[in-house]
Amino acid sequence: MALRRFNKIMKPIAILGFLGFIMASLYGGYTFINKNVLQQNKSEKILAEVNGEKITTIEYLRAYEGFKAQLDNFSIQQKQQSQSKEAIKPLPDDVVKKYILQNMIDQKLLLSSAKELKVGVNGSEVDKQVSEVKSQFSGNEENFLSYLRSQGYNLTTFKKAIKDDLTVRAVQEKIQSSLKIDESELKKFYERYKYSEFEGQTYDQAKPQIKELYSKDYSGMLLNSFLNKKRDSAKIEIKDKDYKTLYDDLIKVVYENKGYKYTNRILNERIVMAFANTVDGYSDEMVSKLKESIKTDLNRIVAISDKAKAAGIKVNPEFSGIDELNDLSKKYYNYLVDSYKPSDTEMQQTYEANKEHYNIQHTVGGYVVGDVYKASKADEEVAKKKAEEILKTLTPQNFAEKAKQFSEDPGSAINGGSLGDEVDLTQLVPEFVAGVRATEKGKISKVIKSQFGYHIIYVQDKNPTDANKAKVSHILIIPKVTDASKKDLETRLQTLMGELNSKKVTWDQVNTQDKYNYSIKEQFKKITEKSAIPGIGYDAEAIKQLFAAKLNQTVPFKSEDGYFLMVKTAETPFKEVSYAEAKDRVRLEMAFKYANDEIEKIK
Numbered sequence: 060m061a062l063r064r065f066n067k068i069m070k071p072i073a074i075l076g077f078l079g080f081i082m083a084s085l086y087g088g089y090t091f092i093n094k095n096v097l098q099q100n101k102s103e104k105i106l107a108e109v110n111g112e113k114i115t116t117i118e119y120l121r122a123y124e125g126f127k128a129q130l131d132n133f134s135i136q137q138k139q140q141s142q143s144k145e146a147i148k149p150l151p152d153d154v155v156k157k158y159i160l161q162n163m164i165d166q167k168l169l170l171s172s173a174k175e176l177k178v179g180v181n182g183s184e185v186d187k188q189v190s191e192v193k194s195q196f197s198g199n200e201e202n203f204l205s206y207l208r209s210q211g212y213n214l215t216t217f218k219k220a221i222k223d224d225l226t227v228r229a230v231q232e233k234i235q236s237s238l239k240i241d242e243s244e245l246k247k248f249y250e251r252y253k254y255s256e257f258e259g260q261t262y263d264q265a266k267p268q269i270k271e272l273y274s275k276d277y278s279g280m281l282l283n284s285f286l287n288k289k290r291d292s293a294k295i296e297i298k299d300k301d302y303k304t305l306y307d308d309l310i311k312v313v314y315e316n317k318g319y320k321y322t323n324r325i326l327n328e329r330i331v332m333a334f335a336n337t338v339d340g341y342s343d344e345m346v347s348k349l350k351e352s353i354k355t356d357l358n359r360i361v362a363i364s365d366k367a368k369a370a371g372i373k374v375n376p377e378f379s380g381i382d383e384l385n386d387l388s389k390k391y392y393n394y395l396v397d398s399y400k401p402s403d404t405e406m407q408q409t410y411e412a413n414k415e416h417y418n419i420q421h422t423v424g425g426y427v428v429g430d431v432y433k434a435s436k437a438d439e440e441v442a443k444k445k446a447e448e449i450l451k452t453l454t455p456q457n458f459a460e461k462a463k464q465f466s467e468d469p470g471s472a473i474n475g476g477s478l479g480d481e482v483d484l485t486q487l488v489p490e491f492v493a494g495v496r497a498t499e500k501g502k503i504s505k506v507i508k509s510q511f512g513y514h515i516i517y518v519q520d521k522n523p524t525d526a527n528k529a530k531v532s533h534i535l536i537i538p539k540v541t542d543a544s545k546k547d548l549e550t551r552l553q554t555l556m557g558e559l560n561s562k563k564v565t566w567d568q569v570n571t572q573d574k575y576n577y578s579i580k581e582q583f584k585k586i587t588e589k590s591a592i593p594g595i596g597y598d599a600e601a602i603k604q605l606f607a608a609k610l611n612q613t614v615p616f617k618s619e620d621g622y623f624l625m626v627k628t629a630e631t632p633f634k635e636v637s638y639a640e641a642k643d644r645v646r647l648e649m650a651f652k653y654a655n656d657e658i659e660k661i662k
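Using this note's numbering, read the sequence shown as starting at 60 and increasing by one per residue.
Here it is, written out as structure tokens:
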């Protein structure tokens, strides 16, 4: 049973919000002040100023501890997934410290830009965020305030931290939303991808998607360029000598070509990203490869950009530094695609060699609504009563024996319910954690309900120095889905089927109204007879029934796991496509191959 919330560390991005660090500390459960200030005799002081915005000792260390907690959890996951028997090497501490410093400087740069960009945050937004954090303490005001004190906050400074975080996010959004999108560029984008991403759609139908893709493609570059320009003109004062050493290393140039530079700041970020995307941990080899890739990447995009400029492609003034090169490279690739003109003979030969590829396949569009079979309240009550009866017979001495007999968690039952020598509570579901915390060492908990079922927890030991570590065993009783519960779902969906067939209810109503409370509501534009049906998966019988159905006919489908309604709303029959009909698509596909080949030649 997957008790652990498998929270992979997020891919590092340019900005890590204050609130992200706050929440990381919250789930990490650090007694922050004791660990980092009182025990180390550190007083609150200013480490750095960025355009007048201060970075304090506690602020930095809080962010550092929050991020370290994520890294520690990720290292556990790496170890579980790695095939190597050797110990997984964690990220060096200086890499982590520099990563936090560079992100905090970027945060302060954005924060200091709020006024010039006319960005503000109102009190109600701040109060809403405070309430969400407070809810983690089940509304207990004293526990909430006690936690804030343990993290070096009072309510006023906590609200300020959240306001700063919201302001940083608002500034990011303001910068990214300023991207100017030319209509002619959107049309060109459509023309390039009308036979792939936008197949079957007109330009007007595809336009919202195109704008979203275009925005995603360029908004990150826009933010990076803004920060690059701000770094060049910012007043950054590092007041602590140790952090001054870290900062001086961050701004050192790793590699330069024609005035374009990659610094240690970018290398450091790539090291963190590479670490987050491997199960092998940190290594010197990883760093060497990243340094080499930085050199290769910069040489390549400079060379591509030179070709772009030679072709008359202009630099966009919104971008700077490496993002200027990335923009030119993208434009040059598109230029190669748009300007490629193969001969008619070449296109006809390509068509003849790939005739089947250009034929229109038999496809259908439609939607699916339904659900997997779930235990009802009555089913849950049966499981709960079973757990309560088992609890009456339990003692610490017979717990392991009873767990082997009754527990339905296959991962732990065989081991007498044990979750290991010591478990990290931050990786368990919150109800289970609350049950452990509420139970004394050496005692057995009451019956605890979670998303997995009903638990009985034996708290064998608690770590005296870390409240998030404990040795525990449990018995899990999973509610069984009865025939009556299955029949209830089928009856409700059969009633809906009658309403859909009689046109009393539309798909839009099913999709948007809360009263149609089904976990699967999927719409699809085009699937073939070899495709998986969204929400159901690939099932030969379901495919057969869907393709055989009449247009707008509702077809019920019962699988081992659930009950579904399928509706076919569109159908495209198979058609052989002639060369004349396929000519434009042939040219475009040849153009993409040509562009890819030309880009590959550039070193």
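Ideal Cβ positions, reconstructed from N, Cα and C, are used throughout, including at glycine.
Residue nearest to residue i in terms of C-alpha spacing, selected from the options
i    : options                : result
I534 : D547, Y513, L238       : Y513
A543 : Y417, A434, V312, Q464 : A434
G318 : V227, S379, I586, S388 : S379
E383 : L282, E256, V614, Q231 : L282
K294 : D186, F511, N110, S255 : N110
I516 : V540, G476, D307, Q582 : G476
V361 : S388, V338, V346       : S388
K350 : Y212, Y321, R359, L176 : Y321
Y262 : S274, Y273, L272, K247 : K247
S402 : Y306, N336, V626, D643 : D643
Y399 : E657, T116, E112, S278 : E657
V185 : Q420, F203, L214       : L214
Residue i (DSSP reduced to helix, strand or coil)
i    : result
S84  : Its pLDDT being 41, under 50, S84 is placed unreliably by the model, and the measurement read from it follows with that caveat. If DSSP states are grouped into helix, strand and coil, S84 belongs with the helices.
G429 : strand
Q456 : coil
S509 : strand
T90  : The predicted position of T90 is uncertain, since its pLDDT is 42 and thus under 50; a value taken from the coordinates is nonetheless stated next. Reduced to three states, the DSSP call for T90 is coil.
N522 : coil
I240 : coil
N418 : coil
Q582 : strand
P615 : strand
G424 : strand
V155 : helix
Y119 : helix
V636 : coil
N316 : strand
D483 : strand
I372 : coil
G279 : helix
K70  : Because K70 sits at a pLDDT of 30, beneath the cut-off of 50, its placement in the model cannot be relied upon, and the following sentence gives the value as read from the coordinates. Coil.
S532 : strand
Whole-angstrom C-beta distance between residue j and residue i, which should lie under 8 angstroms
i    : j    : result
F126 : V155 : 7 angstroms
N385 : M556 : No, N385 and M556 are not in contact; Cβ-Cβ is about 52 angstroms, not under 8 angstroms.
L552 : G425 : L552 to G425, Cβ: 16 angstroms. No contact.
V178 : A229 : 5 angstroms
G259 : K584 : 7 angstroms
F633 : N413 : Going by Cβ atoms, the distance from F633 to N413 rounds to 17 angstroms, so no, they are not a contact pair.
G371 : I147 : About 51 angstroms separates the two Cβ atoms, so there is no contact after all.
Q210 : R121 : 6 angstroms
Buried/exposed call for residue i, threshold 16 Cβ in 10 Å
i    : result
G470 : exposed
R208 : exposed
I39  : Since the first residue shown for the chain is 60 and the last is 662, residue 39 is missing from the structure and cannot be characterised.
V506 : buried
V312 : exposed
S532 : buried
D276 : exposed
E124 : buried
T524 : exposed
A265 : buried
Y410 : buried
E588 : exposed
N162 : buried
T422 : buried
S637 : exposed
S466 : buried
E242 : exposed
Cβ-heavy atom distance, residue i to the ligand MN, below 7 angstroms
i    : result
N110 : No copy of the ligand MN appears in this structure; indeed no ligand is present at all.
Problem set entry | Cβ contact check for the region 491–500 and the region 564–577: 3 or more pairs under 8 angstroms | As far as the Cβ criterion goes, the region 491–500 does not touch the region 564–577, which means the pair count is below three.
Exercise. Does the region 104–111 come within contact of the region 291–307, defined as at least 3 CB pairs closer than 8 angstroms?
Worked result: Taking one beta carbon from each stretch, the region 104–111 and the region 291–307 have 3 or more pairs nearer than 8 angstroms; the two touch.
Exercise. Touch check for the region 345–357 and the region 318–331: three-plus C-beta pairs under 8 angstroms?
Worked result: Contact between the region 345–357 and the region 318–331 is present, because at least three Cβ pairs lie under 8 angstroms.
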